[in-house]
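**Student:** Below is one structure. I have some questions about it.
Protein chains: 2
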Amino acid sequence: MNSVNGYDIEDLKVGMSASFAKTVTEADIVLFAGVSGDVNPAHLNEEYAKTTMFGGRIAHGMLSAGLISAALANKLPGPGTIYLGQTLKFKAPVRAGDTVTATVTVRELVVEKKRVVLDTVCTVCGKVVLEGEATMMCTSAKG
Amino acid sequence: MNSVNGYDIEDLKVGMSASFAKTVTEADIVLFAGVSGDVNPAHLNEEYAKTTMFGGRIAHGMLSAGLISAALANKLPGPGTIYLGQTLKFKAPVRAGDTVTATVTVRELVVEKKRVVLDTVCTVCGKVVLEGEATMMCTSAKG
Numbered sequence: 030m031n032s033v034n035g036y037d038i039e040d041l042k043v044g045m046s047a048s049f050a051k052t053v054t055e056a057d058i059v060l061f062a063g064v065s066g067d068v069n070p071a072h073l074n075e076e077y078a079k080t081t082m083f084g085g086r087i088a089h090g091m092l093s094a095g096l097i098s099a100a101l102a103n104k105l106p107g108p109g110t111i112y113l114g115q116t117l118k119f120k121a122p123v124r125a126g127d128t129v130t131a132t133v134t135v136r137e138l139v140v141e142k143k144r145v146v147l148d149t150v151c152t153v154c155g156k157v158v159l160e161g162e163a164t165m166m167c168t169s170a171k172g
Numbered sequence: 030m031n032s033v034n035g036y037d038i039e040d041l042k043v044g045m046s047a048s049f050a051k052t053v054t055e056a057d058i059v060l061f062a063g064v065s066g067d068v069n070p071a072h073l074n075e076e077y078a079k080t081t082m083f084g085g086r087i088a089h090g091m092l093s094a095g096l097i098s099a100a101l102a103n104k105l106p107g108p109g110t111i112y113l114g115q116t117l118k119f120k121a122p123v124r125a126g127d128t129v130t131a132t133v134t135v136r137e138l139v140v141e142k143k144r145v146v147l148d149t150v151c152t153v154c155g156k157v158v159l160e161g162e163a164t165m166m167c168t169s170a171k172g
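Residue numbers (the working numbering), protein chains in the order written: chain F, 30 to 172; chain G, 30 to 172.
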C-alpha cells in the first residue's frame, strides 16, 4: 500500500475487485444539475419526462459514472493513484430511489508503466445500467 | 428541431459545434464529492494534496465530464436526444477557480440509425484538460 492507503502497482492482481454502492436521490439529481450545468428536462421536468420513452425523470448518466470514480478513487486502486481515462456505455436509466452499485475489477496490468486497466460496471438490482473500462496510473513501491 | 428544441438527426451537419462554460468552484467540488461519494483526498484534503504532483486540491475529472454532458444535453444535439456513450481521457488537472469550456463538435452522422458521434473537449484558458467522444441517439423529423 502507498502512504494514503491506496494500492501500489505491485499489490494488484488481475481479478481483484471492489464495489461502492449509493442510493441516488432526488437531491443528488438536483445537485448534479447545478454542479454540471446539465439541466436537460429529462432530469428535471416530470411533466415532460412522463412523455418520453422512460416515463419519468431519470438521473444524469454521468452521475452514475461518478460512482465508478468513487469506487476507483476510494477503494481500488484507491488514493494516490491518477485517473487517466474512462469509457462509458449507458445501457439503462437510473431513477431517484435506485441504489446503484459500481464494481471495478482489475483486467490488465502494465507494471513497468504503473498502469492498470479495470472493467467498470454499474448495476441496479443486478441489472447493468452502465459499463466501460477505466485506466489508472498507480504508485509503485519502488518509487 | 424536435418538440423540446433539440436537433432532429436531419438538422445536423458534420462540423456543427456548441460550447458550455462554467467556473468550477470549491462548492462544486464539495457537492460533487457528496453526490458521487468520491472523497479522494486529492479533491478534499489540501494538506495531503500539497504533497502530490499537482501541488494542491484538484476537481474530480468526472465533474468536467459533467460539463460535456451539459453541452450535449442542453445545446447539441440538445433535449430529446439520448446519451449512449462517452470516452474520456483526462489530460490535465482542473482547480477551483478555473473556468472550464466544454465544446462538442459533430464528427459523424448515421442518419438511418439516428446516431451522431461528436468530438468532445474541455479546455481551461485554451489548454485541453479532457477529451474524448460522445455517441447520442437523436429524434427524427420522420418520427
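Positions of the beta carbon are idealized from the N, C-alpha and C atoms, including for glycine.
Would you mind listing the beta strand (DSSP E) stretches within the segment 57-127 of chain F that are 3+ residues and don't spill past its ends, in chain order?
**Tutor:** 111-119
**Student:** Answer with yes or no whether the minimum CB distance from V43/F to chain G is below 7 Å.
**Tutor:** no
**Student:** Give a yes or no on whether the minimum CB-CB distance between D40/F and chain G is below 7 Å.
**Tutor:** no
**Student:** Using a beta-carbon distance below 7 Å, is V64/F in contact with chain G?
**Tutor:** yes
**Student:** I'd like to know whether the C-beta of Y112/G is nearer than 7 Å to at least one C-beta of chain A.
**Tutor:** The structure shown contains no chain A; the protein chains it does contain are F and G.
**Student:** Checking contacts by CB at 7 Å: is L60/F closer than that to chain G?
**Tutor:** yes
**Student:** Consult DSSP for K142/G and reduce its assignment to one of helix, strand or coil.
**Tutor:** helix
**Student:** I'd like to know whether the C-beta of P122/F is nearer than 7 Å to at least one C-beta of chain G.
**Tutor:** no
**Student:** When you measure from the CB of G35/F to every non-hydrogen atom of the ligand FAD, does any distance come out below 6 Å?
**Tutor:** This structure lacks the ligand FAD; in fact it carries no ligand of any kind.
**Student:** Can a CB atom of chain F be found closer than 7 Å to the CB of L73/G?
**Tutor:** no
**Student:** Figure out for me which residue from G66/F, T168/F and V123/F has the closest Cα to the Cα of V53/F.
**Tutor:** V123/F
**Student:** Only counting the same chain, and skipping five residues up and downstream in sequence, which positions put a Cβ closer than 6 Å to that of E83/G?
**Tutor:** Contrary to the premise, residue 83/G reads as Phe rather than Glu in this sequence. Closer than 6 Å at Cβ, skipping near neighbours: P122.
**Student:** Is the shortest distance between the beta-carbon of P106/F and the beta-carbons of chain G less than 7 Å?
**Tutor:** no
**Student:** Closest Cβ-Cβ distance between K143/G and chain F: below 7 Å?
**Tutor:** For K143/G, the nearest beta carbon of chain F is not closer than 7 Å to its own beta carbon.
**Student:** For S46/F versus T149/F, is the C-beta spacing smaller than 7 Å?
**Tutor:** no
**Student:** With which residues is L147/F paired in a DSSP beta bridge?
**Tutor:** V135/F and A163/F
**Student:** Taking its Cβ as the centre, do 16 or more other Cβ atoms sit within 10 Å of C224/F, making it buried, or is it exposed?
**Tutor:** The requested residue 224/F is not part of the displayed model; chain F covers only 30 to 172.
**Student:** In angstroms with no decimal places, state the Cα-to-Cα distance between F119/F and G161/F.
**Tutor:** C-alpha of F119/F to C-alpha of G161/F: approximately 9 Å in a straight line.
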